[in-house]
Amino acid sequence: MTQTPRSPSPQPGQPGRDQGFDFSNSITPEEYQTLQKEKADFQQKQLAARGEFMFQHYERLLKAVETSLERASTAVIRLERKQRRQQVRERKEQLRALRKATQGR
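Just add 26 to the spot in the sequence shown (first one is 1) and you have this note's numbering.
So this is what it looks like as structure tokens:
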């Protein structure tokens, strides 16, 4: 069996394989609009399909896009909740510090 040479690991300061890729679960409004456009395109193609196979093919693609949209929406909601909880925590800490400062007088 022939082995292919492995590419060397990226050195510090050199662009890596995954640099520039956002691993977060959030979605931007532009990405959401892109998914909505793709969904509309698949719906049009599904209605224009001439055979059962292509109709079912677009049905599967639509289901995948809808699943992706659900995941993205859920991730955005979770992120927003996490950020709100963090803000509440910080505000509570500020109020506790203020209360301690006023009681110490």
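The C-beta atom is built at its ideal place from N, Cα and C for all residues, glycine as well.
Measuring CB to CB, does Leu95 end up less than 9 Å from Phe68?
-> Start at 1 with the first residue of the sequence shown, and residue 95 comes out as number 69. Start at 1 with the first residue of the sequence shown, and residue 68 comes out as number 42. No, they are not a contact pair.
Contact check, Lys65 vs Val102 under 8 Å by CB: the rounded distance?
-> The residue you call residue 65 lines up with position 39 of the sequence shown. The residue you call residue 102 lines up with position 76 of the sequence shown. In fact, because the Cβ distance is near 17 Å, the residues do not count as touching under 8 Å.
Between Gly130 and Lys118, what straight-line distance do the alpha-carbon atoms span, to the nearest angstrom?
-> Locating residue 130 in the sequence shown gives position 104, where the first residue counts as 1. Locating residue 118 in the sequence shown gives position 92, where the first residue counts as 1. So the two alpha carbons sit approximately 18 Å from each other.
Check Pro41 in the structure and name its three-state DSSP category.
-> Position 15 of the sequence shown, counting from 1, holds the residue named residue 41. With a pLDDT of 49 at Pro41, under the threshold of 50, the predicted position of this residue should be treated as unreliable, though the coordinate-derived value follows. Pro41 falls in the coil class under three-state DSSP.
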